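Chains P and B supply the protein sequences, listed in that same order.
The C-terminal position of the first sequence is numbered 237 in full-length UniProt numbering, with every residue numbered one higher than the one before it.
The C-terminal position of the second sequence is numbered 237 in full-length UniProt numbering, with every residue numbered one higher than the one before it.
Number of protein chains: 2
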Amino acid sequence: MTEDRGELPPGLALSWGVLPVQRRGPKPALSIEQIVATGIEFGDRDGFEAISLQRIAAHLGVTTNAMYRYVRSKEELIVLVNDKAVGLPPELPSGWRPAAIAWVNAQVKLYAERPWLLDVPIRGAPVTPNQLRWVEAMLTALSETGLSQHDNLGCLLLLSGYVRNYASLARQLGSSADAPVQAEQVGRFLVPRLIEGGYPTLTSVYLNQEYEDGLDDDLDFGLARILDGIDVLIAKR
Amino acid sequence: MTEDRGELPPGLALSWGVLPVQRRGPKPALSIEQIVATGIEFGDRDGFEAISLQRIAAHLGVTTNAMYRYVRSKEELIVLVNDKAVGLPPELPSGWRPAAIAWVNAQVKLYAERPWLLDVPIRGAPVTPNQLRWVEAMLTALSETGLSQHDNLGCLLLLSGYVRNYASLARQLGSSADAPVQAEQVGRFLVPRLIEGGYPTLTSVYLNQEYEDGLDDDLDFGLARILDGIDVLIAKR
DNA sequence: CGAAACTGTTCAACCCATACGCTTTTTCAC
DNA sequence: GTGAAAAAGCGTATGGGTTGAACAGTTTCG
Numbered sequence: 001m002t003e004d005r006g007e008l009p010p011g012l013a014l015s016w017g018v019l020p021v022q023r024r025g026p027k028p029a030l031s032i033e034q035i036v037a038t039g040i041e042f043g044d045r046d047g048f049e050a051i052s053l054q055r056i057a058a059h060l061g062v063t064t065n066a067m068y069r070y071v072r073s074k075e076e077l078i079v080l081v082n083d084k085a086v087g088l089p090p091e092l093p094s095g096w097r098p099a100a101i102a103w104v105n106a107q108v109k110l111y112a113e114r115p116w117l118l119d120v121p122i123r124g125a126p127v128t129p130n131q132l133r134w135v136e137a138m139l140t141a142l143s144e145t146g147l148s149q150h151d152n153l154g155c156l157l158l159l160s161g162y163v164r165n166y167a168s169l170a171r172q173l174g175s176s177a178d179a180p181v182q183a184e185q186v187g188r189f190l191v192p193r194l195i196e197g198g199y200p201t202l203t204s205v206y207l208n209q210e211y212e213d214g215l216d217d218d219l220d221f222g223l224a225r226i227l228d229g230i231d232v233l234i235a236k237r
Numbered sequence: 001m002t003e004d005r006g007e008l009p010p011g012l013a014l015s016w017g018v019l020p021v022q023r024r025g026p027k028p029a030l031s032i033e034q035i036v037a038t039g040i041e042f043g044d045r046d047g048f049e050a051i052s053l054q055r056i057a058a059h060l061g062v063t064t065n066a067m068y069r070y071v072r073s074k075e076e077l078i079v080l081v082n083d084k085a086v087g088l089p090p091e092l093p094s095g096w097r098p099a100a101i102a103w104v105n106a107q108v109k110l111y112a113e114r115p116w117l118l119d120v121p122i123r124g125a126p127v128t129p130n131q132l133r134w135v136e137a138m139l140t141a142l143s144e145t146g147l148s149q150h151d152n153l154g155c156l157l158l159l160s161g162y163v164r165n166y167a168s169l170a171r172q173l174g175s176s177a178d179a180p181v182q183a184e185q186v187g188r189f190l191v192p193r194l195i196e197g198g199y200p201t202l203t204s205v206y207l208n209q210e211y212e213d214g215l216d217d218d219l220d221f222g223l224a225r226i227l228d229g230i231d232v233l234i235a236k237r
């Protein structure tokens with residue numbers, strides 16, 4: 001009856017709602033939901049670094065170590081917070097291409113709303129419920145391409161990697177108020193060294209200020225490349 | 001004369017060899033090179049977690065806080081260690097397509113040799129010397145496509161995101177000895193929940209064990225998609 | 001020589017994690 | 001039914017790790 005979650009990766013069982021059966025002893029003062037919700041709250045307010053066991057414990061009126069009755073480690077907590085914060089994917093339009101565009105844009109929006117999600121270290125393949133909802137949504141949209149499951153997985157890997165990369169860059173360049181200032185400062189430091197160090201192409205990139213303009217275009221650009229590439233594959237088979 | 005590195009991101013100045021000028025006072029007992037080399041040593045031997053200021057300090061016969069005379073923070077240390085460990089890119093063959101393939105494979109090899117590089121959190125766009133060598137190499141290879149610099153940057157973003165994602169997945173699935181066992185265990189846990197939870201596509205993916213076979217094929221697959229997508233763009237312009 | 005500047009150490013705070021001990025509640029034997 | 005044992009909960013104590021402030025020793029410049 002009691003699931004043997006000994007060997008499972010941190011957060012897997014808990015994210016699916018499998019909690020260790022408790023048979024005797026005092027009632028828990030807290031709940032996982034409460035803890036995770038507090039973690040998200042702190043993340044939204046003060047960023048990823050603010051999600052600490054100590055802070056959550058203090059906020060809930062408990063000592064830090066009481067947390068370890070609910071999660072095995074901070075890593076497990078982060079996995080749970082991440083899955084909850086990711087939430088559910090939107091309804092995708094029909095047609096794999098519009099669906100892919102909608103899916104990518106939804107993720108970009110998500111990362112814009114909760115930038116700290118980009119700071120969550122990636123442990124490996126997604127296994128938690130909400131993450132898998134996103135995967136499932138895109139995978140079913142891709143199923144109409146007629147490609148093999150294997151190929152569809154490859155396409156998914158391509159898309160998800162791209163979104164994350166793009167969102168990470170967009171956060172650095174675009175979001176915060178002093179970002180342009182900082183970017184300019186970096187440029188002033190970097191350009192002379194690029195010139196002297198033998199980085200001709202990068203030098204011209206920086207001098208043309210290619211990195212500054214329209215990030216929205218960049219998103220569509222890379223996405224179009226990927227989708228065209230998939231199209232080529234579909235035509236080929 | 002003294003560069004104002006106050007506003008620069010951590011590790012930027014140091015990675016380019018700009019150290020604060022020292023005029024009087026005792027000679028430093030250590031050097032940045034020494035510290036970074038020790039960090040890489042620990043990373044290679046025991047993984048990313050083993051790179052700690054305390055350990056490095058102990059190994060070099062100093063107290064932990066003496067480290068802060070050399071680096072501003074652990075983050076800065078990690079940036080330096082990362083750049084050094086990344087090293088120089090290989091010579092790329094001529095032709096942008098072969099060059100891209102070689103570039104991607106070289107990175108995959110790098111990540112296979114130093115898996116802990118995948119645990120280094122990504123702060124944003126690359127700015128350190130060796131990282132930029134890689135960027136420069138690929139960018140010059142792409143320059144023969146006749147695309148705009150802007151487009152070339154988009155292609156690069158595509159490729160680098162893909163490599164990292166792929167390598168991260170490959171590490172999880174393929175490397176360690178007990179990985180298959182763990183994967184199977186995850187599958188046993190997950191499949192019933194996928195069935196009941198309404199994940200039909202993922203269920204079939206797991207049942208067909210699509211995730212197990214040939215990762216090398218996957219690398220080539222996604223890469224081919226990207227390159228085909230770029231090809232389409234070139235033809236279009 | 002004296003003062004300025006840089007060195008490294010000590011002290012202190014916060015965070016993650018483990019071990020142990022006390023209390024509470026359930027279970028089961030009598 | 002009742003009471004003791006078992007197990008779960010929380011707190012205290014302890015230790016490794018990152019970070020910063022305050023302090024004392026050293027070297028070099030003026």
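Where a beta carbon is used, it is the ideal one built from N, C-alpha and C, also for glycine.
Just so you know, these numbers come straight off a predicted model, no measurement behind them.
Which residues in the same chain have their Cβ closer than 6 Å to the Cβ of residue i, if we skip the five residues on either side of it in sequence?
{"i": "Arg133(B)", "result": "Leu88 and Pro89"}
{"i": "Val163(P)", "result": "Val104 and Gln107"}
{"i": "Thr64(B)", "result": "Leu53, Gln54 and Ala57"}
{"i": "Leu219(B)", "result": "Tyr166"}
{"i": "Ile51(P)", "result": "Gly39, Phe42 and Gly43"}
{"i": "Val127(B)", "result": "Leu12"}
{"i": "Glu144(P)", "result": "Trp96"}
{"i": "Asn82(B)", "result": "Val120"}
Could you have a look at residue i and say whether DSSP puts it in helix, strand or coil?
{"i": "Asn130(P)", "result": "helix"}
{"i": "Gln22(P)", "result": "coil"}
{"i": "Gln209(P)", "result": "coil"}
{"i": "Thr63(B)", "result": "coil"}
{"i": "Lys74(P)", "result": "helix"}
{"i": "Lys27(P)", "result": "coil"}
{"i": "Ala125(P)", "result": "coil"}
{"i": "residue 281(P)", "result": "Past the edges of chain P, shown from 1 to 237, lies residue 281(P), and the structure says nothing about it."}
{"i": "Pro90(B)", "result": "coil"}
{"i": "Gly198(P)", "result": "coil"}
{"i": "Pro10(P)", "result": "coil"}
{"i": "Leu147(B)", "result": "coil"}
{"i": "Trp16(P)", "result": "coil"}
{"i": "Ser204(B)", "result": "helix"}
{"i": "Val120(B)", "result": "coil"}
{"i": "Arg114(B)", "result": "coil"}
{"i": "Asp4(P)", "result": "In this prediction, Asp4(P) scores a pLDDT of 46, lower than 50, which makes its location untrustworthy; no coordinate-derived value is stated."}
{"i": "Gly47(B)", "result": "coil"}
{"i": "Arg237(P)", "result": "coil"}
{"i": "Gly95(P)", "result": "coil"}
So residue i and residue j are in contact, right, with Cβ under 8 Å, and what is the actual spacing, rounded?
{"i": "Trp96(P)", "j": "Leu142(P)", "result": "6 Å"}
{"i": "Ile32(B)", "j": "Tyr70(B)", "result": "6 Å"}
{"i": "Gln34(B)", "j": "Glu7(P)", "result": "Not really, about 41 Å apart at Cβ, beyond 8 Å."}
{"i": "Ala125(P)", "j": "Gln172(B)", "result": "6 Å"}
{"i": "Val36(P)", "j": "Leu80(P)", "result": "5 Å"}
{"i": "Leu139(B)", "j": "Leu202(P)", "result": "7 Å"}
{"i": "Gln149(P)", "j": "Val232(B)", "result": "The pair is not a contact, with the Cβ atoms about 24 Å apart (cut-off 8 Å)."}
{"i": "Arg225(P)", "j": "Gly222(B)", "result": "Not a contact, Cβ separation roughly 12 Å."}
{"i": "Ala85(B)", "j": "Leu227(B)", "result": "Not confirmed; about 28 Å, so no contact."}
Leaving out five residues before and five after residue i in sequence, what residues of the same chain have Cβ atoms less than 8 Å from its Cβ?
{"i": "Glu76(P)", "result": "Pro10, Gly11 and Leu14"}
{"i": "Gly146(B)", "result": "Ile234 and Arg237"}
{"i": "Ala102(B)", "result": "Pro90, Leu92 and Pro93"}
Does at least one heavy atom of the ligand ATP sit under 8 Å from the Cβ of residue i?
{"i": "Gly197(B)", "result": "Absence of the ligand ATP from the depicted structure is noted, as is the absence of any ligand whatsoever, leaving it without description."}
Please go through the same chain and pick out, in chain order, the residues whose beta-carbon is closer than 7 Å to the beta-carbon of residue i, but skip the five residues on each side of it.
{"i": "Leu30(P)", "result": "Leu60, Val62 and Tyr70"}
Is the stretch 115-123 of chain B touching the stretch 180-200 of chain B, taking contact as three or more C-beta pairs under 8 Å?
no
Measuring CB atoms only, is the stretch 46-61 of chain B touching the stretch 8-19 of chain B, in the sense that at least three cross pairs come out at less than 8 Å?
no
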